[in-house]
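Numbering (this note's numbering), first residue to last: 2 to 260.
Glycine residues also receive a C-beta, built at the ideal position from the N, C-alpha and C atoms.
Just so we're clear, the structure is a prediction, and the values are computed from it rather than from any experiment.
To keep things clear, I will list the structure first and then write my remarks on it.
This is the structure:
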């Protein structure tokens, strides 16, 4: 089974890329979608991710980081020109639904790049005056107008909305172009998900067709998240073909790769 981690980052610490690749090998993960959100989140930046992608093109799928309100369509173009396959957006200066951000989504659609939106509560590394990051701007329903304006845009809602699980799930149910991941730290919002049961939110027949595997943790915890997710698939009663899609097949389709 060829596994793709659809949500990972390049942390700003020595040797992180090598550690990530080693952790992927240990977990049996073939490819990983990587973004770098810069100092605001204690990470490296787009140029470092681009270098990692060039160094390991068979393992690293680049997700160009775009901060709406600070970055625009030109960053999407830069990413496409440098081999990035998708976008990662978070920490917008206004609501995702702000029409002034539409050129970003339009350009992503033109380049055939899926957009991974952070949704729900966010915890930047930087705090204090000048940070000005509002989780209100990143509620799942802030993405809904984008899915209507750009119905062909491939949209991924990260973390199932964190504290807005039902909103994220219902958007995936109703909107054909919306998918979700259940990434996040052990001990965080996922504990509620495990206690409640993922089928409380992904309740409809075929809901797993909208589910993607992603970790969004330090590489030392990637294997733990994968093991936890496999236990969740057991609880959902997913058969092997469905698991294969969740663990990579669906993401391959979004990226336009052969299944």
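(Q) Determine whether the beta carbon atoms of residue 144 and residue 220 lie at a separation below 7 angstroms. (A) no
Q) Do you know offhand how far residue 68's Cα is from residue 239's? A) 36 angstroms
Q) Can you tell me the Cα-Cα spacing of residue 165 and residue 158, whole angstroms? A) 11 angstroms
**Q.** Whether residue 266 touches residue 155 by CB criterion (7 angstroms)
**A.** Because the chain is modelled from 2 through 260, residue 266 falls outside the range shown and cannot be assessed.
Q | Alpha-carbon spacing of residue 94 relative to residue 70, whole angstroms | A | 5 angstroms
Q. Which of the three DSSP states, helix, strand or coil, is assigned to residue 72?
A. strand
Q.
Using a Cβ distance threshold of 8 angstroms, determine whether the region 223–241 contacts the region 22–33, with at least three qualifying pairs required.
A. yes
Q | Spatial distance of residue 256 from residue 43 (CA atoms) | A | 27 angstroms
Q: Please classify residue 22: does DSSP put it in a helix, a strand, or coil?
A: helix
Q: Taking the CB atoms as reference points, tell me whether residue 269 and residue 109 lie closer together than 7 angstroms.
A: The structure shown does not extend to residue 269, since the chain is modelled only from 2 to 260, so the question has no answer here.
(Q) The alpha helix (DSSP H) that contains residue 168, what's its start and end? (A) 166–175
Q) Which one of 133, 56, 21, 78 has the shortest CA to CA distance from residue 65? A) 78
Q. What is the rounded straight-line gap between the Cα of residue 199 and the Cα of residue 140?
A. 19 angstroms
Q. Taking one C-beta from the region 40–54 and one from the region 12–19 each time, how about it: are there three or more such pairs within less than 8 angstroms?
A. yes
Q: Starting from the C-beta of residue 114, find all residues in its chain whose C-beta is less than 6 angstroms away, skip the five residues before and the five after it, and write them out in chain order.
A: 87, 88
Q: May I have the straight-line CA-CA distance separating residue 121 from residue 26, to the nearest angstrom?
A: 31 angstroms
Q. So what does residue 30 bridge to, in DSSP terms?
A. 4
Q. Grouping DSSP H, G and I as helix and E and B as strand, with all else coil, what is residue 182?
A. strand
Q. Quick one: Cα of residue 117 to Cα of residue 90, how far?
A. 6 angstroms
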